[in-house]
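Trainee: Quick one: the structure is below, questions incoming.
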Amino acid sequence: KQEVTQIPAALSVPEGENLVLNCSFTDSAIYNLQWFRQDPGKGLTSLLLIQSSQREQTSGRLNASLDKSSGRSTLYIAASQPGDSATYLCAVKKETSGSRLTFGEGTQLTVNP
Amino acid sequence: EPEVTQTPSHQVTQMGQEVILRCVPISNHLYFYWYRQILGQKVEFLVSFYNNEISEKSEIFDDQFSVERPDGSNFTLKIRSTKLEDSAMYFCASSEATLMTNTGELFFGEGSRLTVL
Chain A
4 KQEVTQIPAA LSVPEGENLV LNCSFTDSAI YNLQWFRQDP GKGLTSLLLI QSSQREQTSG
64 RLNASLDKSS GRSTLYIAAS QPGDSATYLC AVKKETSGSR LTFGEGTQLT VNP
Chain B
974 EPEVTQTPSH QVTQMGQEVI LRCVPISNHL YFYWYRQILG QKVEFLVSFY NNEISEKSEI
1034 FDDQFSVERP DGSNFTLKIR STKLEDSAMY FCASSEATLM TNTGELFFGE GSRLTVL
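Chain order of the listed sequences is A and B. Going by our numbering, the letters in the first sequence line up with residues 4 to 116, in that order. Going by our numbering, the letters in the second sequence line up with residues 974 to 1090, in that order.
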C-alpha cells in the first residue's frame, strides 16, 4: 500500500527566503506525482505535475524534482512571498493514468512579511 | 480557463438523511473522481469513474455511497443514511485521458462541505 509522507509538517519563513518542501513515497511504481496548493477551506490547485519519466518541472518561482528510485520529490519555492502562505500537498498516482492519487498530509507554509 | 464546479458549497443535514453532492467536470475530461477530507486529516480517495462505470473504489466507498453520471455533464455522489463521521469536505476531480493527451493530471473543484448533525 502506497504511503506518502511530507516533511516538515509546518514551516514559517521570512519573506524573500528560498525554501524546500519534501515528499517521500514508499512504492516507486508510480505514473506521476502532482504538487497542489490548498488555501484554508478551499479546493486543491494544481501547481506542478511530474511524469514518472521526468526529473523535474518548473513553473515561475516553483521547481519540483522527482527521484523515483529513491521515492522522493522536492518542491523548491524561490523568493517566497506572503501570498505563498498555504498548505502544500504532494500526491502520487499509481501505475495508470486513471488510477487514484495518494496524498501526503501536507506542509503548512507561512511566509511572514 | 475550464474548471470543475461543485454544488452545494456547504450542506448541513441530519444524521440518517440522504445527501446528493453534484459536480460538473471539465467538459473534455473522461475520468471523474470523488475524494474527501475530514477536518485536519489527509485527502482520501473514494471512487473513480470512467466510461459510465466505477473503475476503482476505496475501502471507504461502501454500500452507503453511490455515484452516477445522469447526463452528459453532471457527476453525482449520493450518501444514503448519513452518519456523523461523514462530515467532511468532499472534492470532485476530473482528468483528461485521450490518445493525444494522457498526462493523468487531476483538476479539483472547490469542494462541498458536508456537516452531519
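Heads up, the beta-carbon is just placed ideally off N, CA and C, and yes, glycines get one too.
1. Strictly under 7 Å for the Cβ-Cβ distance: is B:E1032 near chain A by that measure?
2. Give me the Cα-Cα distance between B:N1024 and A:P11, rounded to the nearest whole angstrom.
3. Assuming A:L69 contacts A:L36 under a Cβ cut-off of 8 Å, what Cβ separation, rounded to an integer in Å, is found between them?
4. Once you ignore the five residues that flank B:L1079 on each side, which residues in its own chain have a CB closer than 6 Å to its CB?
5. For chain A, is any of its Cβ atoms less than 7 Å away from the one on B:G989?
6. Which residue's Cα is closest to the Cα of A:P116: A:E6, A:P17, A:K96?
7. Would you mind stating whether A:K4 and B:G1077 have Cβ atoms separated by less than 7 Å?
8. Grab me the residues of B:Q984's own chain with a C-beta within less than 8 Å of its C-beta, minus the 5 sequence neighbours each way, in chain order.
9. Is the beta carbon of A:I80 closer than 7 Å to that of A:L104?
10. When the Cα of B:Q1014 is compared with those of B:E1083, B:L1090, B:F1081, B:A1061, which residue comes out closest?
11. State yes or no: is the beta carbon of A:L65 nearer than 7 Å to at least one beta carbon in chain B?
12. Kindly indicate the opening and closing residues of the beta strand (DSSP E) around B:S1039.
13. How would you write the range of the beta strand (DSSP E) that A:D70 sits in, first residue to last?
Mentor: In brief:
1. no
2. 39 Å
3. 6 Å
4. A1066, S1068
5. no
6. A:P17
7. no
8. V992, L994, S1085, R1086, L1087, T1088
9. no
10. B:A1061
11. no
12. 1038 to 1041
13. 65 to 70
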